[in-house]
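*Asks:* In order, the protein sequences belong to chains A and B.
Going letter by letter, the first sequence gives residues 1 to 383 in our numbering.
Going letter by letter, the second sequence gives residues 384 to 684 in our numbering.
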Amino acid sequence: MAVLAQNERPAEDGVASGGQRGTVVLRGVAKRFGTTTAVDHIDLTIPGGSYVVLLGPSGCGKTTLLRMIGGHEMADAGDILLDGVRLNDVPAAQRDISTVFQHYALFPHKTVAENVEFGLKMRGLPPAEREQRVSEALEFMDLANLRDRLPKQLSGGQQQRVALARALVTQPTVLLLDEPLGDLDRLLQLRMRVELRTLQRRLRISFIHVTHNQEEALAIADQIVVMEDGQIKQVGSPQEVYRRPTNLFTASFMGDNNILAGRVLSVNGDAVEVACDGLRLRANGVPHALTVDQPVHASIRAATVRVRPEATAATDLPPNCVAARATFIEYLGDIVKLHCQTASGLPLIAKLPESDTSWQHIREDETDLVLYWDDADVQLLTA
Amino acid sequence: MSSYSLPEAAPVPAVGRRRLTANLSWALLLSLPLLWLLVFLFVPVLVVLVVSFFQPTLSGFEQSFTLDNYRLLLTSGPFFSTLANTVLSALITTVVTFLAGFWVAYYLALVVPNLRSRFALFIIALAPFFTSFLIRAIAWIPMMGREGVLNSALLSLGIISAPLDFLLFSNFAVRVAMAQLYMLFMISPIFFSLSTIDPAVLEAARDMGARWWNILWEILLPLARPGIVIGAVFVFVLSMGDFATVRLIGGGASTSVGLSIQNFVTFMQFPQAAAAASILVLVTVLGVVLLLRWGSIGEDL
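1. Would you kindly work out how many angstroms separate the C-alpha atoms of residue 161 of chain A and residue 587 of chain B, rounded to a whole number?
2. At the level of alpha carbons, what is the spacing between residue 639 of chain B and residue 438 of chain B?
3. Quick one: is residue 499 of chain B near chain A, going by C-beta distance under 8 Å?
4. Assuming contact is defined by CB atoms lying nearer than 8 Å, are residue 75 of chain A and residue 61 of chain A in contact in what I supplied?
5. By the three-class DSSP mapping on this structure, what secondary structure does residue 447 of chain B have?
6. What number of angstroms, rounded off, separates the C-alpha of residue 104 of chain A from the C-alpha of residue 188 of chain A?
7. Are residue 70 of chain A and residue 590 of chain B touching if we call contact CB-CB under 8 Å?
8. Tell me whether residue 387 of chain A sits in a helix, a strand or coil according to DSSP, three-state version.
9. Is residue 592 of chain B close to chain A, meaning its C-beta is less than 8 Å from at least one C-beta of that chain?
10. Identify each residue in the segment 594–610 of chain B for which the Cβ-Cβ distance to at least one residue of chain A is less than 9 Å, and report them in chain order.
11. Could you give the residue range of the alpha helix (DSSP H) that holds residue 459 of chain A?
12. If the cut-off is 9 Å on Cβ atoms, which residues from the segment 520–545 of chain B count as contacting chain A, listed in chain order?
13. Mapping DSSP to helix, strand and coil, what is residue 350 of chain A?
14. Return the CA-CA distance between residue 171 of chain A and residue 492 of chain B, expressed in angstroms with no decimal places.
15. DSSP on residue 526 of chain B, reduced to helix/strand/coil?
16. Taking contact to mean 3 or more Cβ pairs, one atom from each stretch, closer than 8 Å, check whether the segment 533–543 of chain B and the segment 439–456 of chain B are in contact.
17. Which class does residue 317 of chain A belong to by DSSP, given the choice of helix, strand or coil?
18. Closer than 8 Å is the cut-off here; do at least three beta carbon pairs connect the segment 664–672 of chain B with the segment 643–651 of chain B?
19. I'd like to confirm the pairing. Which residues does DSSP put opposite residue 25 of chain A in its beta bridges?
20. How would you label residue 525 of chain B, buried or exposed, when you count the other beta carbons within 10 angstroms and need 16 or more for buried?
21. So does the segment 605–613 of chain B actually touch the segment 114–131 of chain A, counting three or more Cβ pairs closer than 8 Å?
22. Can you check the segment 496–558 of chain B for any beta strand (DSSP E) of at least 3 residues that lies completely inside it and give the ranges in chain order?
23. Give the residues of chain B in contact with residue 92 of chain A, contact being defined as C-beta atoms less than 8 Å apart.
24. Please report how far the alpha carbon of residue 483 of chain B lies from the alpha carbon of residue 571 of chain B, in whole angstroms.
25. For residue 310 of chain A, name the three-state secondary structure that DSSP assigns.
26. Nearest to residue 193 of chain A by CA position, among A:29, A:180 and A:158, is which residue?
27. Return the bridge partner residues of residue 428 of chain B from the DSSP annotation.
28. Can you give the Cα-Cα distance for residue 262 of chain A and residue 345 of chain A, rounded to whole angstroms?
29. Assign residue 58 of chain A to one of two classes, buried (16 or more other C-beta atoms within 10 Å of its C-beta) or exposed (fewer than that).
30. Check the DSSP bridge columns for residue 453 of chain B and list the partner residues they point to.
31. Is DSSP giving residue 161 of chain A helix, strand or coil here?
32. Check each candidate in A:95, A:169 and A:150 and name the one with the smallest Cα separation from residue 125 of chain A.
33. Within the continuous beta strand (DSSP E) that includes residue 343 of chain A, where are the two ends?
34. Quick one: residues in its chain with C-beta nearer than 7 Å to the C-beta of residue 476 of chain B, no 5 flanking neighbours on either side, listed in chain order?
35. For the putative contact between residue 260 of chain A and residue 380 of chain A, defined by C-beta atoms under 8 Å, what is the C-beta separation to the nearest angstrom?
36. How is residue 572 of chain B classed by DSSP in three states: helix, strand or coil?
Printed below as a string of structure tokens:
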């Protein structure tokens, strides 16, 4: 365990010293491949000792950005700084940064111990010290009994732990993880993401993790960086990104949001009314200035939509209420997803907890329902 | 254990029957190559071995047992030096084809970026094999002769003042020609071994501070080892048995056991030819066994 002890200091230290090692700052970083812009002048600060997830669909530039931080790709423009030192011209091997590659990229002909030892060997450490640190890293990652196995003799989860041990044995201040859970089956994914988070807390170094899986990002991150087309769309804590998407892309990419296009009807302080296809919405706490008749999108999380069986004439409903019928009831175990259609033909999704048994009395295409939600759950998006 | 009933497993006799048919189809599949080997390899080798113990006569042999053929060969200085020269040529050819072919294979497998141009270049590398062996061997003569392309070029450049004689009709010439002729047998298996390497593995190695020689020594050579061993076996066996190159390019200045055998056959000395052939096979097999053991290839395949 002592191998990583240099990083494993009590939480108070990090706070007291104000700002930990492993702070990555990107300033105007750009990368083009031929005519396509992979990363488009990105500015981002990753605080030392934090768990940051770069989230986006494939081709959004998240992996290219990670590779530039790791030194596997050269930035065309901009500065990459680690703890204030410009890294652009520093070779990958000399950066204080390690990478857990996608599909792990373990050396297939080397044993677990030899894989972990490789980086130390390349640094010219004497054999005795290498052996010491390898043993400690294997112990730390709970791999000691597998040290003489070859990668092909290991399960996916074990291979991942080897990749982690191999990356951590050189005591980096930043660990880059490229789709680290992508090769694992779902149950193992759920377990490993807790382990990754725990590991990061223990080591108190920065983890930068790339994924296209929103749920994984929400579960694991201190900060989520949502990316699309080489640009950052939103940076925030999981709660901020999930509850308060600031743009259409984030709202739709995070999933489970009902997104409606409409126009502003009235603005009264921070309470705004919006008309969307025969449906009246009211939002409060709108952070940005809106003008009447401005086109906006409204995002309403499916889990905030509530349902009551009630036959009603559509016209006498207050804002944030709509008459609808369920077209399809999707039973997902812990939750039940009602796919609904309003009288004017808008599709809306409501997610109810399975324990809320009211859904059991709803018949598809038959039961008249009223869907309703709180003003605070309506997010208005102008971008 | 749960009390749920699962579909019954297939009854045992059915399984037994299935195994029997599986075994039968295996036997059928194996019997064809075995038959092939029997008719075209084991029987001829056995015939050669038997004939090598027959008494030679002026016009062939008579069927009486003797060890004279072996005794005469193994106590003959010229035959021993021929055998030694054959083994040396084969070893040099193997080493040279490896040293040169590895980089060609490396370039094709790991430097050429896309699969399409990779295989296009591989086919181009194979191109010499679209022409006959004899033509390729003969083509060396105008290249390397006293008044050949190479000598003329060196003379006109003023690098040499008299033609180099060792370029043709020498051991050197034979080894150069064999290296060129058999290069592809080294490149191909190494190319296929290196093609299976995930480029991310090399990137990971570089990320951990490996320089090119570390990558060569720690990653590429170990992972290419099966291909290297197979290529070395190909080239070694082919060079050991070669007589055409030795005759054409060596022109009497070089010898090989294969050439001696051919000479014995020309003079109808079949038992001597058979004995020389048996010794050649024995030495070749010994070399292959050593190569395979050195490469400990069984572990990887």
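Every residue, glycine too, gets a C-beta built ideally from N, C-alpha and C.
Bear in mind that the values here come from a model prediction, so they are computed numbers and not experimental data.
*Replies:* Judging by the given coordinates:
1. 16 Å
2. 24 Å
3. no
4. no
5. strand
6. 16 Å
7. yes
8. Since the first and last residues shown for chain A are 1 and 383, residue 387 of chain A lies out of range.
9. yes
10. 594, 597, 601, 602, 605, 606 and 608
11. Residue numbering for chain A in the displayed model covers 1 to 383; residue 459 of chain A lies beyond these limits and cannot be assessed.
12. Within the segment 520–545 of chain B, not one residue has a Cβ closer than 9 Å to any Cβ of chain A.
13. Residue 350 of chain A falls in the strand class under three-state DSSP.
14. Note on geometry: alpha-carbon atoms of residue 171 of chain A and residue 492 of chain B lie some 34 Å from one another.
15. In the structure shown, residue 526 of chain B sits in a helix (DSSP, three-state: H, G or I).
16. no
17. coil
18. no
19. Note: residue 25 of chain A sits in a beta bridge opposite A:45 and A:81.
20. Counting Cβ neighbours within 10 Å, residue 525 of chain B comes out exposed, since fewer than 16 surround it.
21. no
22. Listed in chain order, there is nothing to give.
23. 589 and 590
24. Residue 483 of chain B and residue 571 of chain B: Cα-Cα distance of roughly 13 Å.
25. Residue 310 of chain A: coil per DSSP, three-state reduction.
26. That would be A:180, whose Cα lies nearest to the Cα of residue 193 of chain A.
27. Beta-bridge pairing links residue 428 of chain B to no other residue.
28. 15 Å
29. exposed
30. In DSSP, residue 453 of chain B forms no bridge with anything.
31. helix
32. A:169
33. That residue, residue 343 of chain A, is in no beta strand (DSSP E); it is neither H nor E in DSSP.
34. 558, 561, 562, 565, 618 and 622
35. At roughly 10 Å, the Cβ-Cβ gap does not stay under 8 Å, so residue 260 of chain A and residue 380 of chain A are not in contact.
36. helix
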